[in-house]
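In mature numbering (1 follows the signal peptide of the UniProt record, and there is no 0), the protein residues as written are -27 to -1, 1 to 270.
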């Protein structure tokens, strides 16, 4: 009996301990006052922030966010691994990253978690995230001039079709001209059937004089068998249009220089497969800078 009573007391004590532990665990939330103790920093004291791709922010009141978030169609081509931002005062930031020379860093926005509320001048350490925009720089495959050249194949097809039509019409004109000349020469050399002036009619002859030569329509002379007309004008007009079109489409051959001094770098950056027109690595990368403000959460 004594042994049984001792076991019951031990079981009751163990149950009380387990109940206390469960109560403490259920009462623990990220919003507890002690969570993040010692990680409360003044927003104005932050001078430099470094953001890494693939990492998430610390959180206390909200939820974790990616440290780097890219905005824009260029994000599908490339995203930097590291972006560093420097405070410029009045909640303004200057951020820089190594990018391919065909893109540049646009507007940026730093977002940190306020310690007690969104507009709290104190923020949770390591809770800042960066949202940045990537834009085309105007060089390389996204250069408007290169885009025009890539789109000029349609004009080349139209030019080829025009040339085909023009030379076909010109061939028809030449064939018609040659046939007209040959036909006129054949008719001009054919013997006359109406008789010439003959010897005339003399008195005492038993036959009347022959009638003069007569044809209902005078045969055209070889020199006047072909005259300029519609097809000639069309052919000459097409020739002039072709010459004008060729002169107009002859564009100057020039290339854009990179707007910034390029240098070799970005050894840790993730390159995605895409067309880079530069064959040298020294001109494929450059440091790009973007500016923006703060929007705490």
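Just so you know, even glycine gets a beta-carbon here, dropped at the ideal spot from N, CA and C.
Where residue 29 falls: helix, strand or coil (DSSP): strand
Local conformation of residue 266 per DSSP, three classes: strand
Report task. Note down, in chain order, each residue of its chain lying with its Cβ closer than 8 Å to the Cβ of residue 65, except the 5 sequence neighbours on either side. Result -> 264, 265, 266 and 267
Q. Can the beta-carbon of residue 48 be found less than 9 Å from the beta-carbon of residue 83?
A. no
Q.
Among 269, 22, 62 and 36, whose alpha-carbon lies nearest the alpha-carbon of residue 69?
A. 22
For residue 98, name the three-state secondary structure that DSSP assigns.
coil
So is residue 86 buried or exposed if we call it buried at 16+ other beta carbons inside 10 Å?
buried
_Sequence-distant residues of the same chain with beta carbon closer than 6 Å to residue 16, five excluded per side_ = 94 and 96
*Do you know whose CA, among 106, 27 and 72, lies nearest residue 80's CA?*
106
key: Delimiting residues of the beta strand (DSSP E) encompassing residue 82   = 76 to 84
* Asked: Do you know offhand how far residue 151's Cα is from residue 141's?
  -> 16 Å
Check: Residue range of the beta strand (DSSP E) that residue 13 falls in?
Finding: 13 to 15
Discussion item. Using the three-state DSSP reduction, which class does residue 54 fall into: helix, strand or coil?
Written reply: coil
- Item | Boundaries of the beta strand (DSSP E) in which residue 69 is found, first to last residue | 65 to 73
- Query: Near residue 262, which residues of its chain fall below 8 Å by C-beta distance, leaving aside the five closest residues on each side in sequence?
  - Reply: 67, 68, 69 and 78
| message | Based on DSSP bridge pairs, tell me the residues matched to residue 105. | response | 43 and 81
Is residue 18 helix, strand or coil when you go by DSSP? helix
Practice task
State the beta-bridge partners of residue 259 as determined by DSSP.
Solution key: 72
- [ ] In angstroms with no decimal places, state the Cα-to-Cα distance between residue 270 and residue 54.
- [x] 24 Å
Legend entry - Sheet register partners of residue -13 (DSSP bridge): Answer is none; residue -13 lacks a bridge partner.
### Query
When you compare only the Cα positions, how much space is there between residue 131 and residue 139?
12 Å
**Message:** Just list the residues that DSSP pairs residue 60 with in beta bridges.
**Reply:** 66
Q) Within the present structure, is the beta-carbon of residue 268 separated from the nearest heavy atom of the ligand SAM by less than 8 Å? A) Within the structure as shown, the ligand SAM is missing, as the structure has no ligands at all.
Item to check | Local conformation of residue 87 per DSSP, three classes | outcome: strand
For this session: Name, in chain order, the residues that DSSP records as bridge partners for residue 23.
Result: 57
Inset, instruction - Indicate whether residue 98 and residue -18 have their beta-carbon atoms separated by less than 9 Å. - result: no
- Query: When you compare each of 33, 74 and 40 to residue 108 by their alpha carbons, which one comes out closest?
  - Reply: 74
Query raised in the report: Hey, how far is the Cα of residue -14 from the Cα of residue 19?
Result: 49 Å
Practice prompt. Determine the DSSP secondary structure at residue 93, reduced to helix, strand or coil.
Written response: coil
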